[in-house]
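Have a look at the structure below, then the notes.
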Ligand code: 13P
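Residue numbers (the numbering used here): 1 to 249.
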């Protein structure tokens with residue numbers, strides 16, 4: 001269960017949120033893994049407050065380059081200096097607002113792996129793409145670009161997140177069956193890369209709330225969630241984590 005804070009948070013509020021999440025997560029069964037992906041300036045704060053807890057922390061993006069003259073960018077190796085476990089790559093907000101191509105996202109996943117981080121590769125279709133019946137084509141292209149540049153062993157170590165763009169921050173959640181269909185498609189694609197790759201966790205993201213979490217996570221191929229808005233409130237985020245625990249399969 002991974003929280004994506006996006007561009008939210010301030011030092012004082014973060015301290016409360018991180019401490020509460022760490023305390024609540026310690027009561028969960030070991031099988032439920034919890035992480036929070038925070039804005040870069042708060043990686044050190046996350047490391048200080050979460051070290052020794054069951055909660056891992058992550059970054060929301062990394063550069064496609066290992067280093068060099070790329071003003072404003074953050075290399076995966078830099079994030080690794082702060083004990084980071086996860087690196088979200090290819091979030092739809094970055095694909096849309098920063099024009100990241102499937103190839104750029106693939107390079108980012110590679111840089112994350114080289115730095116010892118676990119990339120959380122996001123894929124998802126827009127409403128127009130869904131209505132045009134091109135969902136599988138779109139997310140297939142997005143995932144294939146990443147799988148193409150990774151070895152089977154590397155691919156077995158990633159996390160995939162299906163986030164339909166039309167469900168992000170809109171309050172519209174994919175129907176559990178609708179999400180399951182896409183997850184099954186993604187699982188099939190992962191299996192084609194190798195038997196070990198089929199075990200990659202496939203998370204669902206898009207308006208996950210305490211009220212709909214159990215039904216979503218109860219689906220066969222939904223292994224967890226990438227939580228935006230609801231991850232900013234410890235009560236909601238922990239309720240979602242507990243829902244995952246109830247239906248853990
Ligand atoms: P919301 O949960 O706010 O819809 O955001 C989902 C998301 O984009 C997580 O990465």
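Glycine included, C-beta positions come from ideal geometry on N, C-alpha and C.
A quick note: this is a predicted structure, and the numbers were derived from the prediction, not measured.
- Looking from the CA of residue 136, the closest CA among 51, 184 and 245 belongs to 184.
- Bounds of any alpha helix (DSSP H) do not take in residue 54, whose DSSP letter is neither H nor E.
- Counted as a single uninterrupted DSSP element, the stretch harbouring residue 4 is not any alpha helix (DSSP H) but the beta strand (DSSP E) occupying residues 2-4.
- Within a 10 Å sphere around the beta-carbon of residue 98 sit fewer than 16 other beta-carbons, which makes this residue exposed.
- Residue 135: member of the alpha helix (DSSP H) spanning 135-149, first to last residue.
- At a Cβ-Cβ threshold of 9 Å, residue 182 and residue 139 count as neighbours.
- Residue environment analysis places residue 143 among the buried positions, since at least 16 neighbouring C-beta atoms fall within 10 angstroms of its C-beta.
- Straight across, the Cα-Cα distance linking residue 91 with residue 112 is about 14 Å.
- For residue 105, the enclosing alpha helix (DSSP H) starts and ends at 102-114.
- When the Cα atoms are used, residue 60 and residue 39 turn out to be separated by approximately 7 Å.
- Secondary structure at residue 24: helix, using DSSP grouped into helix, strand and coil.
- Between residue 36 and residue 203, the beta carbon gap of about 14 Å keeps them out of contact (Cβ cut-off 8 Å).
- Following the DSSP letters along the chain, one finds residue 42 in no alpha helix (DSSP H), marked with neither H nor E.
- Segment contact: the region 17-29 against the region 64-79, fewer than three CB-CB distances shorter than 8 Å; contact not assigned.
- Assigned with DSSP and collapsed to three states, residue 203 falls in strand.
- Counting C-beta pairs with one atom in each stretch, the region 219-235 and the region 47-56 have fewer than three that are closer than 8 Å, which means they do not touch.
- Spatial neighbours of residue 234 in its own chain (CB-CB distance under 6 Å, excluding positions within 5 residues in sequence) are listed in chain order as 17, 20 and 21.
- Counting other Cβ atoms within 10 Å of its Cβ, residue 205 reaches 16 or more and is therefore classed as buried.
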